[in-house]
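Per UniProt numbering, numbering through the sequence shown is continuous, rising by one, with the last residue being 763.
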Amino acid sequence: MMNIPYEQPHLLFPLAAYIQSQYELIDQFVPELASCEKKVVHLTNVKQFEDLLYHLESTFLANDEKGGESYLKIPSIDIFRILITLASRCSSTNFTHGSASIDGLIANSEYIKNLNEEYENCIYKSPIRDRCITIMRSYMNLLSASKSPITVDMVYNLFLAALKDFIIQPKFFHIRGTLPKDKYLGSNRNPARRQETNIEQSHDIISDSEEEPPSLVSNTSKDIANEVKKFQPYNISPLRKNTGVFSSDNHKISGLNDSAVLFQTMPHLDSESELTSGSDGELISKKRKVRSNVRDKDSALSNIRVFGDYLISRQLNPIINSPYNLWKLMQWTFHCANFSTMYQKQLLDSNSTNCHLIFETYAKLLRLIFDFLSFNFTYHLITDKNSRRLLNIEIDNKNEHIDPVCIFFQRDRISRKEIINILENDRNILLSNLMTQLGPSRVDWYDRVIEYAFTGLNKDKPKSESSYQPQPCYEREKLLIRHDNLKKKVDKNYAVQYDDNLDSMKLRYGIIIIVYYRSLFFSDGSFINGSKVDDSSASQLSPEILLQQLSCKLITLDYSYLKQFYLAYYMEIAEDKFISKIHQYRMMLELTKMVLISLTGISEIDNYLSEKEMLSTHCNSSQSFIDLIVDQRLYQVLVEDETYPHWQDFEAAWCKMNYLLGWLLESSLSHLQNNSTESSNYNEFVDYIYKRVEKADRMKIKWFNKFILNHCEDNTKSDNSHVEYHFYLSDDEALELLVNEKTDTNWVKLKDIVQLKFSGIRH
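1. Have a look at S340, P170, S322 and S580 and flag the residue whose alpha-carbon is nearest the alpha-carbon of G456.
2. Taking Y474 as the reference, give the member of W332, S144 and Q648 with the closest Cα.
3. DSSP puts L326 in a beta bridge; with which residues?
4. Which of helix, strand or coil does DSSP assign to D631?
5. Excluding the five sequence neighbours on either side, which residues of its own chain have a C-beta within less than 8 Å of the C-beta of Y659, listed in chain order?
6. Provide the residue span of the alpha helix (DSSP H) that contains L596, from first to last.
7. According to DSSP, simplified to helix, strand and coil, what is I382?
8. Can you give me the C-alpha to C-alpha distance between W327 and D153, rounded to a whole angstrom?
9. If we count Cβ pairs, one from each stretch, closer than 8 Å, do we get three or more for the segment 356-374 versus the segment 76-94?
10. With 16 other CB atoms within 10 Å as the buried threshold, where does Y725 fall?
11. Would you call the segment 21-35 in contact with the segment 70-80, where contact means no fewer than 3 C-beta pairs closer than 8 Å?
12. For the segment 40-55 against the segment 317-324, are there 3 or more C-beta pairs whose distance is under 8 Å?
13. Distance check for S759 and H97, CA to CA, integer angstroms please.
14. Measure the CB-CB distance between G662 and I512 and report whether it falls below 8 Å.
15. Please return the same chain residues whose Cβ sits closer than 6 Å to the Cβ of residue 764, not counting the five positions on each side in sequence.
16. Using only the alpha-carbon positions, how far apart do S285 and Q471 sit?
17. Where does I407 fall in DSSP's three states?
18. Are the CB atoms of D627 and Y644 nearer to each other than 8 Å?
19. Per the contact definition of three or more C-beta pairs closer than 8 Å, is the segment 296-312 in contact with the segment 137-146?
20. So, is the C-beta of F49 closer than 8 Å to a C-beta in chain B?
21. Under the three-state reduction of DSSP, which class applies to H726: helix, strand or coil?
22. Output yes or no for whether 8 Å exceeds the beta carbon distance between F166 and N392.
23. C712 by DSSP, collapsed to three states: which one?
24. From the DSSP output, read off the bridge partner residues of R692.
25. Near M587, which residues of its chain fall below 6 Å by C-beta distance, leaving aside the five closest residues on each side in sequence?
26. Taking the CB atoms as reference points, tell me whether F408 and I419 lie closer together than 8 Å.
27. What separation, rounded to the nearest whole angstrom, lies between the Cα atoms of F372 and M140?
28. Helix, strand or coil: which one does DSSP assign to K646?
29. I need the boundaries of the beta strand (DSSP E) containing R305, first residue and last residue.
30. Can you list, in chain order, the residues of its chain whose CB lies under 8 Å from that of N63, leaving out five sequence neighbours each side?
31. Apart from the five residues on each side of it in sequence, which residues of its chain come closer than 6 Å, Cβ to Cβ, to F650?
32. With a threshold of 16 other CB atoms inside 10 Å of the CB of F370, please say whether the residue is buried or exposed.
33. Which same chain residues end up closer than 6 Å to F454 when comparing Cβ atoms and leaving out the 5 residues on each side of it in sequence?
34. According to DSSP, what are the bridge partners of Y310?
35. Quick check: S352 and E37, are their CB atoms within less than 8 Å of each other?
36. Hey, could you find the ends of the alpha helix (DSSP H) L567 is sitting in?
If you want it as C-alpha cells, here you go:
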C-alpha cells in the first residue's frame, strides 16, 4: 500500500483515497501479478496490455487545469516494470511474429499469433511500444510541470524505484591484465541467469565457448547439462516430463486464468526450459546454486515474463545478468543504427529492417531514461536533507528552478568536499551508480563513455576493435538482424535516403551533456565563474578530460556527423530540459576550441575565444573573434598539410573547420542582437563585421584553390619543389573543384551567416 499525504482538491473525497483506489485498480488489469512471488507468470495477451494502456492514457485526457491532477492514476512498481519492458520491444521481437523457424529458434504458436493479430492489423492503433513511451513521457513531464508536491514525489519515486532495478553499483572483481572485460567474462554468463530467448530450444546451437580462455573451460556437470539442453527442442530429454509453459502448476499465462491447462501441448512458449529432474541430484544441486547466486531481491524480476522474455529490468541488472548493463544496451543500440544506416543506402523499404526497428525502439527508451537521470541528479541535490543543508537551500525553495552546480562553487571548501562525497556514494543518485558500471578505474570512465556513446560511427575501425561485436539485450535480436541483408537491393536513384546514424546524434548528445554536467562538480570552477575556485590538482573526472576525449572523437567522424552533433545542441536547448542552456553553451564553446586547436595546431585560438567575450552583448567584445576569422594561418595550415591520403580527407577537415568557425560566429552574433539596432555604434559594428567576413571568405577561396592547384598533376610535373603528395588530381577534376565567390560550396560561407542575422540592418 502507498502512504499518501491527505489532500482534498474537490468535495467528493480526498485525493489520497482516490489515488489509493486507482493504485489497486490498475493492478487488477494484470491479476496474475498477485501470484508472481511464487509462480512464473507469462504475459502475452495484447488485449490485456491494451486495456491497461487505455486506462493509464485516460489519466492525461483531463484538460481542467485546476483539477486535472486530481484524477491522476499512478501504477504500481510491477506495472511500471512491464511498461518499460513493453517500451523496449519492437514488433518483430514479440512471440506473434516470425516464420516456423528462425535460425533454429522454434517460432510461436498459431494460437498466440492469432490472439494478438487483431491489434497489430488495426491501422488506427499505435504500436504498444510507442504508447508505453508516450505514457511514461507524460508522467515524466509532470515532474517539471506539476504544481503539486504530492504528484511530483509520487511520480519521482515511481521512476526512481523502477530504474534502481538496474542502475545500481556493481560489485567489481579482478580482471587479469588488459584483456577486454567483455572478452574475458562473456563466457562466464550463465544461460539460466541471462535470458537467451528460446536459445535452449534452438536447432542451431549458439555457444560462445570458443572465446573462453582455456582456464575457464571445465568438463563438469555444467557441460553435461548444456549437452542435455540441446535435445530439449525435440522433446526427447529424459529430464523433462512436460515441456510446455502450462505443464506445471508454477506457470501461468495472462488472460487465461486456470484455463491454461487446456494448452499444455505448446512447448515453444517456455522460454526458460529449466531442468527439473528429481532423479539427477547433480543437476538439482546446480539449479539451486544458480538460484542462490542470483541474489534477486525482487521475485518479480525473475518470475514475470513478457512475450516469453525476462523483464528488461532484469536483463540490464549488472549483478543478476553480469556483465550486461545499460552501457551495453547503448552500445548495441548504436551498433544497430550503424547497420541500419548501411542498409538504408542500398535497400528498398529499409525502414522495415530489424536493425532499424531495434534502434528506433531502444533509442526512445534510452532517451527517456537519460532524461530522468538529468532530473534525478539535480532534484536529489535540492531535496536531499544533507545536500540541501550543505548547499544552503531553503525548504520552501526546493521546487523552484535552482542550479546546484552554481551554488556549489559559492560554498566553502569543506562543504564542497562533503557534497562530492554525496555525489560519489549516495545510491539514490542514479547517474553516479551508472558511472560506476564503467569499471573500477575512474581514469578510464570518460574514455569508455565516449566509446559507448559513439559506437558505430567510424568508417575504418582498427582490427582489435572490429573483432568485438556489441551484444544484444535479448538473444532473439541478434538472430533477427541476420535476415536484414536478404532484403531486395535497389538502385540508389530509387532508394529513400535517410540515416539512422544522423538521427542518433541527438541521443548521443543527450548522454554526453548529462555526464558533462556531473563533471562540473569535479572542476576547479573555471567552467562556472571563469576563474578558479579550487587550486587543488585537477580531478580525474574534470570536464577538461571529458571534452578532450570528446574532441578527439569528433575529429575522426564524418563531417555530416560532426555537424549533426552541433545541430543536436540546438534541438536540446530548444526543448529547455533540466540542464540549463548556459552550461550547454559553455560545453560546446570549449569543445569547439579544442577541436579547432587539434585541426590547426594553433594554440593561440584559445586567446581569441574567451567565454566572457563570446557571451557579451557589447560590440567591442566580439573584436577578438572577428580578428580570428581573418587570420590566414587557420587556412594555410590545412592547405600545406601533405599527409592527406585522399581528396575526401582534406575536404572533410576543411568543412569541419569552416563549420566550427561559422558556429562560433553565429553564437557571438546571437548575443549582440540584444542591443538596440538604432544605436549608431551598433550599425557601424555590423558594417565592420560584413567587411571582415567578406575578407575571410575571399581568403578561404584563395587557399582552397591553392590546395587544388598544388595537387594538380600538370602543375606538380613543372614544379621543382619535389613535394610528394599521397594523391593527385587530373585537370578535369581540378577544374570541377575550383571555386569562386559565386560558387555553391559544401563548406560554410561566413557572409551568409551575417546576412541571416542582420538582414534588416544592411541591404
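Ideal placement from N, C-alpha and C gives every residue a C-beta, glycine not left out.
Walking through what the data contain:
1. Here the question's residue 456 lines up with position 456 in the sequence shown. For G456, the nearest C-alpha among the options comes from S340.
2. For the purposes of this step, residue 474 is identified with residue 474 of the sequence shown, where counting begins at 1. The shortest Cα separation from Y474 among W332, S144 and Q648 belongs to W332.
3. The residue you call residue 326 lines up with position 326 of the sequence shown. Bridge partners of L326: none, in fact.
4. If you number the sequence shown from 1, residue 631 lands on position 631. Of the three classes helix, strand and coil, the one that applies to D631 here is coil, per DSSP.
5. The sequence position of residue 659 within the sequence shown is 659, counting from 1. Cβ within range, chain order: Y559, L562, K563, Y566, W747 and V748.
6. Along the sequence shown, one-based indexing puts residue 596 at 596. Unbroken alpha helix (DSSP H) run through L596: K581 to T600.
7. Working through the sequence shown from its first residue, we reach residue 382 at position 382. Of the three classes helix, strand and coil, the one that applies to I382 here is helix, per DSSP.
8. The residue labelled residue 327 in the question sits at position 327 within the sequence shown. The residue labelled residue 153 in the question sits at position 153 within the sequence shown. Answer to the nearest angstrom: the Cα atoms are 28 Å apart.
9. yes
10. Counting from 1 along the sequence shown, the entry for residue 725 is found at position 725. It counts as exposed.
11. yes
12. no
13. One-based indexing of the sequence shown puts residue 97 at position 97. One-based indexing of the sequence shown puts residue 759 at position 759. Unreliable placement is indicated for H97, whose pLDDT of 43 sits below 50; no coordinate value is reported for it.
14. Against the sequence shown, residue 662 aligns to sequence position 662. Against the sequence shown, residue 512 aligns to sequence position 512. No, the Cβ-Cβ distance between G662 and I512 is not below 8 Å.
15. Coverage of the chain is limited to positions 1 through 763, which leaves residue 764 absent and any answer about it impossible.
16. By 1-based counting over the sequence shown, the position of residue 285 is 285. By 1-based counting over the sequence shown, the position of residue 471 is 471. A caution first: S285 carries a pLDDT of 45, below 50, which makes its placement in the model unreliable, though a value can still be read off. Using only the alpha carbons, I get a separation of about 30 Å.
17. Counting from one through the sequence shown, the residue named residue 407 turns up at place 407. Residue state, collapsed to three classes: helix.
18. Here residue 627 is taken as the residue at index 627 of the sequence shown, counted from 1. Here residue 644 is taken as the residue at index 644 of the sequence shown, counted from 1. Not closer than 8 Å, so no.
19. no
20. Included in the structure is just one protein chain, with no chain B present.
21. Translated into positions along the sequence shown, residue 726 becomes position 726. Of the three classes helix, strand and coil, the one that applies to H726 here is coil, per DSSP.
22. On the sequence shown, position 166 is the one that residue 166 refers to. On the sequence shown, position 392 is the one that residue 392 refers to. Against a cut-off of 8 Å, the Cβ pair of N392 and F166 comes out as no contact.
23. As a first step, residue 712 is located in the sequence shown; it is residue number 712 there, counting from the start. Three-state result, C712: strand.
24. On the sequence shown, residue 692 is found 692 positions in, with the first residue counted as 1. DSSP output for R692 lists no bridge partner at all.
25. Here the question's residue 587 lines up with position 587 in the sequence shown. Here the set comprises Y516.
26. Residue mapping note: residue 408 aligns to position 408 of the sequence shown, counting from 1. Residue mapping note: residue 419 aligns to position 419 of the sequence shown, counting from 1. Cβ distance < 8 Å, so F408 and I419 count as in contact.
27. Translated into positions along the sequence shown, residue 372 becomes position 372. Translated into positions along the sequence shown, residue 140 becomes position 140. Roughly 7 Å separates the two Cα atoms.
28. Reading the sequence shown from its first residue, position 646 is the one you call residue 646. According to the sequence as given, residue 646 is His; it is not Lys. Three-state result, H646: coil.
29. Counted from its first residue, the sequence shown places residue 305 at position 305. Counting along the chain, the beta strand (DSSP E) containing R305 begins and ends at I304 to V306.
30. For the purposes of this step, residue 63 is identified with residue 63 of the sequence shown, where counting begins at 1. Note that N63 scores a pLDDT of 45, beneath 50, so its modelled location is shaky and nothing firm can be said.
31. By one-based count along the sequence shown, residue 650 stands at place 650. Cβ within range, chain order: Y644.
32. Taking the sequence shown and counting its residues from 1, the one referred to as residue 370 is at position 370. Classification for F370: buried.
33. Taking the sequence shown and counting its residues from 1, the one referred to as residue 454 is at position 454. Counting only Cβ-Cβ distances below 6 Å, and skipping sequence neighbours, we find K553.
34. Reading the sequence shown from its first residue, position 310 is the one you call residue 310. Answer is R305, bridged to Y310.
35. For this step, residue 352 is matched to residue 352 along the sequence shown. For this step, residue 37 is matched to residue 37 along the sequence shown. No, the pair does not count as a contact, with Cβ atoms beyond the cut-off.
36. In the sequence shown, counting from the first residue as 1, residue 567 sits at position 567. Looking at the DSSP string, the run of the alpha helix (DSSP H) that includes L567 is Y559 to E575.
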